[in-house]
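Worksheet: the structure to be examined is printed underneath.
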Amino acid sequence: MGKTIHVKVFKYNPAIDREPGFQNYLVPFEKGMSAMDALDYIYQNLDGSVAYYDHAGCSLGICARCTGKINGKAGLLCQTAVEGDVTLEPVNASKVVRDLVMRRGETRE
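Residue numbers (numbering that gives the first Met the number 0): 0 to 108.
Structure (structure tokens):
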């Protein structure tokens with residue numbers, strides 16, 4: 000196996016979890032991969048329960064549904080390149096529907 004990175008993902012389902020937390024995943028690193036690519040790998044290979052806005056209809060940074068915090072800075076998951084270990088979380092945890100999915104129209108802090 001080549002280089003791997005640690006991806007720390009915000010996990011919270013208000014319907015069943017008392018408190019939000021983070022889950023750590025080991026993901027194969029590929030030069031040029033985005034934060035969304037890392038999430039896609041996690042969802043497809045490690046944890047199918049991770050909730051996030053998939054980029055099937057975009058990946059061009061147009062819809063902004065995938066806005067989140069990448070290592071503490073707000074950005075689009077589909078457009079933000081991953082250089083190494085990364086933490087992914089919602090922009091505003093109080094608006095979380097589940098994990099990285101927030102109520103639409105409420106992506107700003």
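C-beta atoms are modelled at their ideal positions from N, C-alpha and C, and glycine is treated no differently.
Taking 9 Å as the cut-off, decide whether the C-beta atoms of residue i and residue j are in contact.
i, j, result
"Leu-45", "Tyr-11", "no"
"Phe-28", "Leu-87", "no"
"Asp-53", "Asp-39", "yes"
Please look up how many angstroms separate the CB atoms of residue i and residue j, rounded, as I've assumed it's under 8 Å.
i, j, result
"Cys-77", "Met-32", "Their Cβ separation, rounded to whole angstroms, is 11 Å, which puts Cys-77 and Met-32 out of contact at 8 Å."
"Ile-4", "Gly-83", "6 Å"
"Val-96", "Lys-68", "Incorrect: roughly 16 Å between the Cβ atoms, too far for contact."
Within a Cβ cutoff of 6 Å, which residues of the same chain sit near residue i, ignoring the five residues on either side of it in sequence?
i, result
"Val-100", "Ala-50"
"Lys-7", "Phe-21, Asn-23, Thr-86"
"Ala-37", "Val-6, Val-26, Val-81"
"Lys-30", "none"
Go through its chain and collect everything with a Cβ distance to residue i's Cβ below 8 Å, but skip five positions before and after it.
i, result
"Ala-92", "Phe-9, Tyr-11, Pro-19"
"Lys-2", "Pro-27, Phe-28"
"Arg-103", "Arg-64"
"Ile-41", "Val-6, Val-8, Tyr-24, Val-26, Val-49"
Go through its chain and collect everything with a Cβ distance to residue i's Cβ below 7 Å, but skip five positions before and after it.
i, result
"Leu-75", "Gly-60, Ala-63, Cys-65, Thr-66"
When DSSP builds the beta bridges, which residues end up paired with residue i?
i, result
"Gly-20", "Lys-10"
"Ser-33", "Ala-80"
"Lys-72", "Ile-69"
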